[in-house]
Every structure is written in structure tokens, then in C-alpha cells.
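For reference, the structure discussed in these notes is given below.
Protein chains in written order, with our numbering: chain L, 12 to 473; chain A, 14 to 302.
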């Protein structure tokens, strides 16, 4: 009797603490990027001829990425190293996944180079709607193929020549023109600032300010190239190649290209934060818009409610008043799962929601085992009170064995899984522990309350 | 007492043959038909796009073909939403797809992007195998310690059986296998064992009757005594999983499908594989009780 009181007290305290922790639930659970929306990007640093991946270059890479993300204005970003040469960037709440990828994955190596010579641009490809008949369209396509071939030939010629030019390289422009470029005159490392401005036509441009060293270099370069082209090269692509009208002193320049205001803004950020010290590959990118995350949450809640209703009904129909106790214990188990997730500061992911729904089904398994055992004990002639005791005692071992093996699988999953899958392992584990507690402690307490109420009733009747 | 009693062990050779056939057919399906591996394993690009004004899969396919993505897999998941999967993980290819679609449908917007490089996919495959091996090893040890080595071996064989048949059904239906499938298989491994444990637990409890009744009767008694548990525990877990499959959204559909199959097969195998194998093993080489 004394133990029963303690059990009741324990359950009351646990339930109250859980209620206090869970309500109001809004904002208390960490949602994963797949639910609240955001970008998860994994970068792999790679060796190039110019720069090797070293401890030092990786640290600088992290610093540049942090700088870029901070300037872009993302709340609570996560930027961390993984293993020897990988970096994980998590950007919650990103609206435009493409923009995020652009900001993170681009090296942003800016160079001003002398232009030796260039090919003509590739003309736009023929489109069927501009021609009256298929024949004419085919002819136009043939002409276009010829033009492309001719330019390819010119490009190969440029590549042959580049060997004899000091620091020579062949680069393509946005419009499809190939340039043979000379040495680097000024580079992005000589910048002290980059800002988005608008030119007199209202087009976005990136205004650059050079350091004193850079100003000198730029001054000398423009002086030496008056009347000639200087190419502005970003990550090996020619953005523009203006003709130098006059010598430029004072260390200011601007880049006009065909970019949108948003692109100009990102380019400014990247130029201010500096180029990535090593080349990177985006080896994984998972971006979820906020609307998709909301849909997932809604669907998960719906499935959870329907699933819970089905289990509630099944237990009630099959086990009657015992089922009612199981249902009450199940409600406590669900409450405890949320309380557990909140107190562990775990991240709830979409598979995690699936884990909670699965828990709803698994949590009553213990009740089934206990009740079936109680029925057996009753059949063997024990009193109801004694069968309840024996049912709980004998089913406990089975419940523990069954749940520990599931926990083994969940632990392996937690260790190996990444992001969302790990979220599933966490909810599954929390669900198993909460389920076992509710089976053996909460259910028993509820049955005790039932039986003492019955006894009181019976006493009152007699 | 129970009003019915099924002589399960009478069918043990038949059921083991059936299981063997299912496993062989599943392995054959996986080998010949293959599995529809998602980009988590193969690498590639998946775009999830919404067309508020609606769009037809045929039109989208044509637009993609015009930018050189004839091989893209396009799947509509609602009236306005589509999933586009391209084989390459090239960012340029993705950009050309989005700009071509934007040109035709200006109100189109991207709700999700998934890009996985081939390196990551290869790592995931290796890690999945290690994880499965570790989980099975851990369970083998646990059951050996808590029960007997033979119980552990037959239980793990049943888990392998369940996993292979689940894979076979995925091969048959062509459902996509993503990284959450690994979570599903490991959960099946952990959970479908529960039914076996319930039966084995009763076998352990009835062990003293081995001398008088023999292994066949012992197993039959144990299965029959625990039959309502085996069925009810599986049923209560299948109910919410069915809800998840039907209403949980398209992202979780493959995951819940795998669990549904795995748990159904697992319930069957706890009786017809675990007990049958144990009976066969025991009659061939009895151990001292």
C-alpha cells in the first residue's frame, strides 16, 4: 500500500513537470531544417595547383564563410568542420535556396587582367518560332553550328598562343566570347571595400575601393592600358572587359555586368569577405522552403492524430476498462516524449515526427503484454488483485528484453545517421523509454486508482 | 483455457520452404530488377517546384528536354507540385532547368532543392552496411546473453529474412529508397524482434516441460499461449503506421511503407521462421536442457 502511494506521487510529479515543460509548446521544440525551412550545405575543400588543403587554409575558409554568412544576415547559422576537409553550413530560414548556394559555394576570386585578344561572341541559337518553315529553321541551325565551330577553332588558336604570353590564360565571358588574358594587374586581395551602387541607367553595379597598394597597381595598370581593354575576371569567367578611357587614380573602380540587384549584393558581400582560400565542391545540398516544412508538419500531425485515435479505439474495444488505463498511459507517454525532446534540446526532424507516430503504436505493446499476462493469471484461478501483481511482474522481463533490442538498433542509427535520420533515432529512443515507464509505472498507478474506486463503491453499496 | 490450438510446427517445413522461396525471389528481384535508389545513394539533383497556376507533367518534360535533360524523372505529387530529378549533380544543369521553367511559368517557385554528390552516396552505402552489421551483431550478443546462443542465431536469421523480403518488395514496387530507408530497416530489425522475444520468452518459461513434451510441443504451446500478444502488439503498431502511410505526406511514404512491410513480415517470421528453425535445429542435434 505504501509503495502504491509513492508510485502515485512519482507519476503525479512526472506528469506535472512534463506539463510544465511542454505547455505552451510554441517555440520550445527545436525544429530541424527540413521542418522550419533552410539550407544544409556540405562543402568539400579540394587541392588545386595553386592552393593545397591544409589545416591553416581550412581555418581561413571557415572564417571567410562565417564572414559571408554574417554579412548576408542569417539568424543562427551553423558553420562547422566535419572531418579533415569538409565544412557543414546550415542556414535556417533561407527563402531562396539558389542564393544561398551561390553565396557559399563561389570562390569569388576577382582579378583585373590585361586583354591580349578575343574571339567574336557566340550568336544566340536559332529558335523555331522565329522561322516560317522547318527548312529555314534547319538552315539557321546549320549556320549557328558553323559559327560555333569557327569560334571553337579560334579558341584553340588562343590556347596555343597563351603558352607564349606571360601569365596567359583563356577565359570565357557570359556572352560566349573567348579572351586571351595576360598577367593579373590587380586582384581581389587588394580591395578594402565593395558596395552595390546604381549607375546612371539605374543598373546595379559593384563599386570597389582599393587599398593603397591596390590603388597604386590600378593606377599603373590603367596608365599602361589607355585605349585598350582590361578584363574583370571572377572565378575564371570574364564579367566585363571595358576599354580604359583614361588613367584612373584614387583607387576606385566599378564592375558592371549583367546582374540583378540581389546578385550585385551577394557579389559585394563575397568581395568584402574575401575569396575562399581553397577551391570547394558542394557535395551535398538540401534546401527546404518554409512552406514545404509547414506542409510536412501539418501532414505529420494529421497522421499522428489519426494513428493515435485508431490505437485508442483498438485498446478500448479489445481491453475495455483496462484499455482505458492503457489509453491514459499512452497520453502520458506522448506528453513525456515531447517533454523529453525539449529537455534534451533535441532537434525534431520530419523522420523524427515519424518516430513519434511509431512510438504511439509501440508504447501500448507493453500494455498488451501485461494485460494478456493478467488474463492468463486470472484463468489460472488467481484473484484479480493477485493477477494484476503477477501480470506486471512477469511481463516486465519481456517488456525490457523487447525494448532493449529496439534501443540497440536506435543507438546504432543515432551513431551512423546524419541530420534527419539522427532525429528519428532520438525520438524513437525517447519514445521507447517513455513507453516503458508508462507501461509499468503509469498504467499500474491508474489501475490502482480504478480498483480502489471500485472497492470504495462496493463498500458503499454493502 | 484457449478454445483453439494451432499445430504451427506441423507446417514448419512448408513455412521454411515458403520463406526460403521468398528470400530467393527477393534476392533475384534485387539482382535483376534492381532497386530504385534515390539520390542519397546515387548522387544527383532533385528539385521540388510549385506551379501556383498548375502545369502538366508533359509540358514540363518538354521544357526539360529542350535544355538537354531528357532523362529527368518528373513526378507530380499534387495538382500544383512536382518533383524533378536529374541524374547529374551538376549545378549548371540545375540552373538551366530552373531558368527554362521560370521562362515558361513565371510564377513557378522552388520549394526544395536536394543535391547529393557521388562521394556522399558511396559513403552512405558503406555506412548503411556497417550499421546493419553492428545492429545485428549487438542483437546476437544480447539474445545470447539473455537467452541462448541458438535463440540468438535463429532470431538474427529471421531479421535478415525480414530485411531481404522488405528489399524485395521495394524492388517489386519500384518505390524509391532514400536514406530514411536505412532508418526503417534498422527499426524493423529492432522492432520485429519484439514478437520473437515474446515467443522465446515463453519458450524459456516453459523450458522445464522440454523433457516430458519434447521441443515440438513446447514450441507449439509457447506460440499458442502468446499468439494474442504477437497479433495485438503488431496490430497496434501497424495502425499508426498505416495512418502515416496514408496521411503523412509524400516524403514519409516510402519510410512508412518499409516499416509496414517489415513489421508484417516480422510478425510472420517470429512464428514461422524463428520457431521452425529452432524446432529443426533441435530435432537434428538436441542440446542438453
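The beta-carbon is built from N, C-alpha and C at its ideal position, and this holds for glycine as well.
Just so we're clear, the structure is a prediction, and the values are computed from it rather than from any experiment.
Between which two residues does the beta strand (DSSP E) harbouring residue 341 of chain L extend?
Along the first chain, read from residue 1 onward, the residue named residue 341 of chain L stands at position 330. Here residue 341 of chain L belongs to no beta strand (DSSP E); instead the alpha helix (DSSP H) covers 301-354.
Taking Cβ-Cβ distances shorter than 7 Å, what residues in chain A pair up with residue 108 of chain L?
Position 97 of the first chain, counted from the start, is the residue given in the question as residue 108 of chain L. Within 7 Å Cβ-Cβ: 123 and 126.
What does a CB cutoff of less than 8 Å around residue 114 of chain L pick up in its chain, not counting 5 residues either side in sequence?
The residue you call residue 114 of chain L lines up with position 103 of the first chain. Counting only Cβ-Cβ distances below 8 Å, and skipping sequence neighbours, we find 79, 80, 83, 277, 280 and 281.
Grab the span of the beta strand (DSSP E) containing residue 264 of chain L for me, first residue to last.
Taking the first residue of the first chain as position 1, residue 264 of chain L is located at position 253. Start and end: 263-266.
Given this structure, state the Cα-to-Cα distance separating residue 166 of chain L from residue 49 of chain L, to the nearest angstrom.
Numbered from its first residue, the first chain carries residue 166 of chain L at position 155. Numbered from its first residue, the first chain carries residue 49 of chain L at position 38. Between residue 166 of chain L and residue 49 of chain L, the alpha-carbon positions lie close to 42 Å from each other.
Could you please give me the residues that DSSP links to residue 63 of chain A through a beta bridge?
Taking the first residue of the second chain as position 1, residue 63 of chain A is located at position 50. Answer by DSSP bridge pairing, in chain order: A:94 and A:122.
Indicate the three-state DSSP secondary structure (helix, strand or coil) for residue 89 of chain L in the structure shown.
In the first chain, residue 89 of chain L corresponds to position 78, counting from 1. Correct three-state label for residue 89 of chain L: strand.
Just to confirm, is the Cβ distance from residue 215 of chain A to residue 247 of chain A under 7 Å?
The count along the second chain starts at 1 and reaches residue 215 of chain A at position 202. The count along the second chain starts at 1 and reaches residue 247 of chain A at position 234. Against a cut-off of 7 Å, the Cβ pair of residue 247 of chain A and residue 215 of chain A comes out as no contact.
Below 8 Å, can you find three or more Cβ-Cβ pairs linking the region 291-301 of chain L to the region 132-149 of chain L?
No contact exists between the region 291-301 of chain L and the region 132-149 of chain L.
In its own chain, which residues sit with a C-beta less than 7 Å from the C-beta of residue 327 of chain L, not counting the 5 before and 5 after it?
Residue numbering aside, residue 327 of chain L sits at position 316 when the first chain is read from its first letter. So the qualifying residues of the chain are 334, 335 and 338.
Which residues of chain A have a Cβ atom closer than 9 Å to the Cβ of residue 325 of chain L, listed in chain order?
Against the first chain, residue 325 of chain L aligns to sequence position 314. Within chain A, the residues near residue 325 of chain L are 245, 248, 249 and 252.
So which of L:308, L:258, L:132 and L:174 has the shortest CA-CA distance to residue 161 of chain L?
Indexing the first chain from 1 puts residue 161 of chain L at position 150. Comparing Cα positions, the closest option is L:132.
For residue 279 of chain A, does the three-state DSSP call read helix, strand or coil?
Counting from 1 along the second chain, the entry for residue 279 of chain A is found at position 266. Looking at residue 279 of chain A - three-state DSSP - the assignment turns out to be helix.
Quick check: does the Cβ of residue 88 of chain L come within less than 6 Å of any heavy atom belonging to the ligand GTP?
Absence of the ligand GTP from the depicted structure is noted, as is the absence of any ligand whatsoever, leaving it without description.
Where residue 242 of chain L and residue 195 of chain L are concerned, what is the direct C-alpha to C-alpha distance, given to the nearest angstrom?
Sequence index remark: in the first chain, residue 242 of chain L carries index 231 (1-based). Sequence index remark: in the first chain, residue 195 of chain L carries index 184 (1-based). Using only the alpha carbons, I get a separation of about 10 Å.
Provide the residue(s) that pair with residue 128 of chain L in DSSP beta bridges, ordered along the chain.
Here residue 128 of chain L refers to the residue found at position 117 when the first chain is read from its first residue. BP columns for residue 128 of chain L point to L:191.
If you measure from the beta carbon of residue 28 of chain L to each beta carbon in chain A, is any gap under 7 Å?
One-based indexing of the first chain puts residue 28 of chain L at position 17. Chain A, which has no Cβ nearer than 7 Å to the Cβ of residue 28 of chain L, makes this no.
Which class does residue 18 of chain A belong to by DSSP, given the choice of helix, strand or coil?
For the purposes of this step, residue 18 of chain A is taken as the residue at position 5 of the second chain. Coil.
On the DSSP letters alone, give me the boundaries of the alpha helix (DSSP H) that residue 241 of chain L sits inside.
Mapped onto the first chain, residue 241 of chain L falls at position 230. First-last for residue 241 of chain L: 241-245, but that is the beta strand (DSSP E), not the alpha helix (DSSP H).
Relative to the alpha-carbon of residue 372 of chain L, which residue among L:382, L:422, L:212 and L:315 has its alpha-carbon at the smallest distance?
Along the first chain, one-based indexing puts residue 372 of chain L at 361. Of the listed residues, the one whose Cα sits closest to residue 372 of chain L is L:315.
Could you tell me whether any Cβ in chain L is nearer than 7 Å to the Cβ of residue 199 of chain A?
For the purposes of this step, residue 199 of chain A is taken as residue 186 along the second chain, with counting starting at 1. With 7 Å as the cut-off, residue 199 of chain A counts as an interface residue toward chain L.
Can you tell me whether residue 469 of chain L is buried or exposed? The criterion is at least 16 other CB atoms within 10 Å of its CB, across all chains shown.
Numbered from 1 along the first chain, position 458 holds the residue referred to as residue 469 of chain L. Exposed, because fewer than 16 other Cβ atoms sit within 10 Å of the Cβ of residue 469 of chain L.
Closest by CA to residue 375 of chain L, which one among A:190, A:243, A:233 and A:176?
Working through the first chain from its first residue, we reach residue 375 of chain L at position 364. With distances taken between Cα atoms, residue 375 of chain L lies closest to A:243.
Would you give the residue range spanned by the alpha helix (DSSP H) that residue 412 of chain L belongs to?
Here residue 412 of chain L refers to the residue found at position 401 of the first chain. From DSSP, the alpha helix (DSSP H) with residue 412 of chain L extends over 395-427.
Would you kindly check if the distance between the Cβ of residue 310 of chain L and the Cβ of residue 261 of chain A is under 7 Å?
Here residue 261 of chain A refers to the residue found at position 248 of the second chain. Here residue 310 of chain L refers to the residue found at position 299 of the first chain. In contact: residue 261 of chain A and residue 310 of chain L (Cβ atoms closer than 7 Å).
Mind pulling the chain L residues with CB within less than 7 Å of residue 268 of chain A?
On the second chain, position 255 is the one that residue 268 of chain A refers to. Under the 7 Å cutoff, chain L gives 362 and 365.
For residue 209 of chain L, which three-state DSSP category applies?
To locate residue 209 of chain L, count along the first chain from 1; it is residue 198. In the three-state reduction of the DSSP assignment, residue 209 of chain L falls in the strand class, which pools E and B.
In the DSSP assignment, what residue or residues form a beta bridge with residue 50 of chain L?
Here the question's residue 50 of chain L lines up with position 39 in the first chain. According to DSSP, residue 50 of chain L bridges with L:102 and L:298.
What are the complete alpha helix (DSSP H) segments, minimum 4 residues, inside the region 12-45 of chain L?
Those alpha helix (DSSP H) runs which fall completely within the region 12-45 of chain L and span 4+ residues are 13-33.
What do you get for residue 121 of chain A, buried or exposed, if any count of 16 or more other CB atoms within 10 angstroms of its CB means buried?
Translated into positions along the second chain, residue 121 of chain A becomes position 108. Label assigned to residue 121 of chain A: buried.
With 16 other CB atoms within 10 Å as the buried threshold, where does residue 103 of chain A fall?
As a working mapping, residue 103 of chain A is identified with position 90 in the second chain. Exposed: under 16 other Cβ atoms inside 10 Å.
With distances taken between CB atoms, is the gap from residue 225 of chain L to residue 201 of chain L smaller than 7 Å?
Locating residue 225 of chain L in the first chain gives position 214, where the first residue counts as 1. Locating residue 201 of chain L in the first chain gives position 190, where the first residue counts as 1. The answer is yes: Cβ separation under 7 Å.
Which residues in chain L sit within 8 Å of residue 242 of chain A, going by Cβ to Cβ distance?
On the second chain, position 229 is the one that residue 242 of chain A refers to. Those are 379, 380 and 383, listed as they occur along chain L.
Is it the case that the region 160-170 of chain A contacts the region 130-142 of chain A, given that we only count it when at least three CB pairs across the two stretches are under 8 Å?
no
Could you name the residues of the same chain whose beta carbon sits closer than 7 Å to that of residue 432 of chain L, not counting the 5 residues immediately before and after it, in chain order?
The residue given as residue 432 of chain L occupies position 421 in the first chain. The answer, listed in chain order, is 362 and 424.
Hey, which unbroken runs of the alpha helix (DSSP H) at 4 residues or more fall wholly within the region 146-220 of chain A?
162-186 and 192-218
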